[in-house]
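First the structure, in the form of structure tokens, and then the observations on it.
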Amino acid sequence: MRILLIHSDYIEYEVKDKAIKNPEPISEEEKKGRMDEVLVAFISVEKVDETNPEEVVSKAVEEIINVASQVKAENVFVYPFAHLSSELAKPSVAQEILRKVYEGLKEKGYNVGKAPFGYYKAFKISCKGHPLAELSRTIIPEGAKEE
Ligand SMILES: NCC(=O)N[C@H]1[C@@H](O)[C@H](n2cnc3c(N)ncnc32)O[C@@H]1CO
174 MRILLIHSDY IEYEVKDKAI KNPEPISEEE KKGRMDEVLV AFISVEKVDE
224 TNPEEVVSKA VEEIINVASQ VKAENVFVYP FAHLSSELAK PSVAQEILRK
274 VYEGLKEKGY NVGKAPFGYY KAFKISCKGH PLAELSRTII PEGAKEE
């Protein structure tokens, strides 16, 4: 899993078109969204993550919370982003893993937003620009490391 973390004044998105055959069903109001004072997590789920989804989910939640506490962000935004890796997991697995990351962050008490899965989206983001405002993390399941 590849994660790009951007501490932002805001993130806003607008759904433009379906990008896969069966995108996540969304309501009219979910076609646009915005969150202010937020740690945005752009996440690419990778093929290797399929070997141990549970481990990748818990490590991702841990890494995101670690950065959120350092930058003092109470809002987190999970953005499915298929552009951080050339070894992507298939959409069905990726959607489930991202849903669990979202749920895991909520369980830890964060105010969590998410962008719909499986769409092309326009987005605007305002990076805060401080030294910890742009970070990336790579998460690899333990088992996969032995290969
Ligand atoms: N920016 C727009 C976009 O990326 N759209 C992506 C994601 O919403 C989602 N998606 C599909 N596979 C994955 C994956 N492995 N990891 C994350 N998202 C995925 O499906 C869209 C087309 O790839």
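Taking the numbering used here as reference, the numbering of the sequence shown is continuous, increasing by one, and the terminal residue is 320.
C-beta atoms are modelled at their ideal positions from N, C-alpha and C, and glycine is treated no differently.
For Leu278 and Val211, I'd like the C-alpha separation in whole angstroms.
Numbered from its first residue, the sequence shown carries residue 278 at position 105. Numbered from its first residue, the sequence shown carries residue 211 at position 38. Roughly 13 Å between the two C-alpha positions.
Can you name the residues that DSSP bridges to Met208?
The sequence position of residue 208 within the sequence shown is 35, counting from 1. Met208 is bridged to Ile184.
Closer than 7 Å to a non-hydrogen atom of ligand 1 - does that hold for the CB of Ala262?
Numbered from its first residue, the sequence shown carries residue 262 at position 89. The answer is yes for Ala262.
I'd like to confirm the pairing. Which residues does DSSP put opposite Asp190 in its beta bridges?
Walking along the sequence shown from the start, residue 190 turns up at place 17. Note: Asp190 sits in a beta bridge opposite Tyr293.
Per DSSP, what kind of secondary structure is Lys279 in: helix, strand or coil?
Locating residue 279 in the sequence shown gives position 106, counting from the first residue. Helix.
Helix, strand or coil for Ile270? Go by DSSP, reduced to three states.
Along the sequence shown, read from residue 1 onward, the residue named residue 270 stands at position 97. DSSP places Ile270 in helix when its eight states are reduced to three.
For His256, verify whether its CB is less than 7 Å away from any heavy atom of ligand 1.
Translated into positions along the sequence shown, residue 256 becomes position 83. Checking the Cβ of His256 against ligand 1 gives yes.
Who are the Cβ neighbours of Thr311 in its own chain at under 8 Å, not counting the five residues just before and after it?
Here residue 311 refers to the residue found at position 138 when the sequence shown is read from its first residue. By the criterion of a C-beta distance shorter than 8 Å, Thr311 is surrounded in its chain by Met174, Arg175, Ile176, once the five residues flanking it on both sides are discounted.
Between the alpha carbons of Gly286 and Lys194, how many angstroms are there, rounded?
By one-based count along the sequence shown, residue 286 stands at place 113. By one-based count along the sequence shown, residue 194 stands at place 21. Taken atom to atom, the span from the alpha-carbon of Gly286 to that of Lys194 is near 24 Å.
If we ignore side chains and look at the alpha-carbon of each, how far apart do Lys273 and Ala267 end up?
To locate residue 273, count along the sequence shown from 1; it is residue 100. To locate residue 267, count along the sequence shown from 1; it is residue 94. Distance between the alpha carbons of Lys273 and Ala267 is about 10 Å.
Do three or more CB pairs link the region 240-252 to the region 211-221 at distances below 8 Å?
yes
Once DSSP output is grouped into helix, strand and coil, what is the label at Glu307?
The sequence position of residue 307 within the sequence shown is 134, counting from 1. In this structure, Glu307 counts as strand in the three-state DSSP scheme.
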